[in-house]
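*Asks:* Before I ask anything, let me first share the structure, which is written out below as structure tokens.
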């Protein structure tokens, strides 16, 4: 943790990897990062947005997760739960169900399928993207996949962690 990231704590970290699926191609090499309890209680959504912006991640928004399988072929995405809780399906139809609660975060490599299965009424995430990836495409499971695998593999690795900046779990997990 650095002075630029006062709104985070040392999380529990786990990774998930998925192969290609009918609903989403998923990333060929990078794992999904699951960070438990990374944002302390009492941290506002606006403080989380300010933290990710300070760490160079852009396109920050506050919303939920769409209730259908989708992925981004041209961007990695961080989803930081700033309210409520939800059950998400990651990796497509044959992927894994993951429960996220306020304070948890996910970092999805390009191509990773994600879908909201159920959510509390106050579920809210801060979504954001690495520099140069702030305008992600939105691909659904039935969209054509011509050229998608090459596009996913070519998405540059982030140079900073959205919550920790120049050091952090993302940079440790996605070895450059």
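In our numbering, the protein residues as written are 7 to 182.
Ideal placement from N, C-alpha and C gives every residue a C-beta, glycine not left out.
Is the beta carbon of residue 97 sitting closer than 7 Å to the one on residue 32?
*Replies:* As a position in the chain shown, residue 97 is number 91, starting the count at 1. As a position in the chain shown, residue 32 is number 26, starting the count at 1. Cβ atoms of residue 97 and residue 32: closer than 7 Å.
*Asks:* Rounded to whole angstroms, what is the Cα-Cα separation between residue 7 and residue 174?
*Replies:* Along the chain shown, one-based indexing puts residue 7 at 1. Along the chain shown, one-based indexing puts residue 174 at 168. Residue placement at residue 7 is flagged as unreliable, the pLDDT there being 37, under the threshold of 50; a coordinate-derived value is accordingly withheld.
*Asks:* When the distance is taken between beta carbons, is residue 102 closer than 7 Å to residue 22?
*Replies:* Reading the chain shown from its first residue, position 16 is the one you call residue 22. Reading the chain shown from its first residue, position 96 is the one you call residue 102. Yes, they are a contact pair.
*Asks:* When burial is assigned at 16 or more other CB atoms within 10 Å of the CB, is residue 164 buried or exposed?
*Replies:* As a position in the chain shown, residue 164 is number 158, starting the count at 1. By the 10 Å Cβ count, residue 164 comes out buried.
*Asks:* Taking the continuous beta strand (DSSP E) assigned at residue 111, which residues delimit it?
*Replies:* Start at 1 with the first residue of the chain shown, and residue 111 comes out as number 105. Segment 111-114, the beta strand (DSSP E) holding residue 111.
*Asks:* Helix, strand or coil, according to DSSP, for residue 125 in the structure here?
*Replies:* As a position in the chain shown, residue 125 is number 119, starting the count at 1. Strand.
*Asks:* Flag this pair as touching only if the stretch 79-92 and the stretch 123-133 have three or more C-beta atom pairs under 8 Å; answer yes or no.
*Replies:* yes
*Asks:* According to DSSP, which residues form a beta bridge with residue 104?
*Replies:* In the chain shown, counting from the first residue as 1, residue 104 sits at position 98. Residue 104 is bridged by DSSP to 94.
*Asks:* State the Cα-Cα distance for the pair residue 161 and residue 145, rounded to the nearest angstrom.
*Replies:* For the purposes of this step, residue 161 is identified with residue 155 of the chain shown, where counting begins at 1. For the purposes of this step, residue 145 is identified with residue 139 of the chain shown, where counting begins at 1. Spanning the two alpha carbons is a distance of roughly 15 Å.
*Asks:* Can you find the residues in the same chain that come closer than 7 Å, C-beta to C-beta, to residue 159, ignoring five residues on each side of it along the sequence?
*Replies:* Stepping through the chain shown from its first residue, residue 159 is reached at position 153. So the qualifying residues of the chain are 34.
*Asks:* Of the choices 118, 137, 151, 156, whose alpha-carbon is the least far from that of residue 39?
*Replies:* Indexing the chain shown from 1 puts residue 39 at position 33. Checked all of 118, 137, 151, 156; the closest Cα to residue 39 is 118.
*Asks:* First and last residue of the beta strand (DSSP E) that includes residue 57?
*Replies:* Locating residue 57 in the chain shown gives position 51, counting from the first residue. No beta strand (DSSP E) contains residue 57, which is instead part of the alpha helix (DSSP H) from 51-60.
*Asks:* Between residue 43 and the rest of its own chain, which residues show a CB-CB distance below 8 Å, the 5 nearest in sequence each way excluded?
*Replies:* Start at 1 with the first residue of the chain shown, and residue 43 comes out as number 37. Excluding positions up to five away in sequence, the list reads 15, 17, 18, 109, 110.
*Asks:* Quick one: Cα of residue 66 to Cα of residue 104, how far?
*Replies:* Position 60 of the chain shown holds residue 66. Position 98 of the chain shown holds residue 104. Going by the C-alpha atoms only, they are around 22 Å apart.
*Asks:* Which one or two residues does DSSP pair with residue 74 in a beta bridge?
*Replies:* As a working mapping, residue 74 is identified with position 68 in the chain shown. According to DSSP, which records beta bridges pairwise, residue 74 is partnered with nothing at all.
*Asks:* What number of angstroms, rounded off, separates the C-alpha of residue 152 from the C-alpha of residue 168?
*Replies:* Reading the chain shown from its first residue, position 146 is the one you call residue 152. Reading the chain shown from its first residue, position 162 is the one you call residue 168. Rounded to whole angstroms, residue 152 to residue 168 spans 30 Å at the Cα level.
*Asks:* Taking its Cβ as the centre, do 16 or more other Cβ atoms sit within 10 Å of residue 171, making it buried, or is it exposed?
*Replies:* Numbered from 1 along the chain shown, position 165 holds the residue referred to as residue 171. With 16 or more neighbouring CB atoms inside 10 Å of its own CB, residue 171 falls in the buried class.
*Asks:* Kindly list the residues whose CB is nearer than 8 Å to the CB of residue 138, restricted to its own chain and excluding five residues on each side of it in sequence; keep chain order.
*Replies:* Here residue 138 corresponds to residue number 132 of the chain shown, with the count starting at 1. These residues qualify, in order along the chain: 162.
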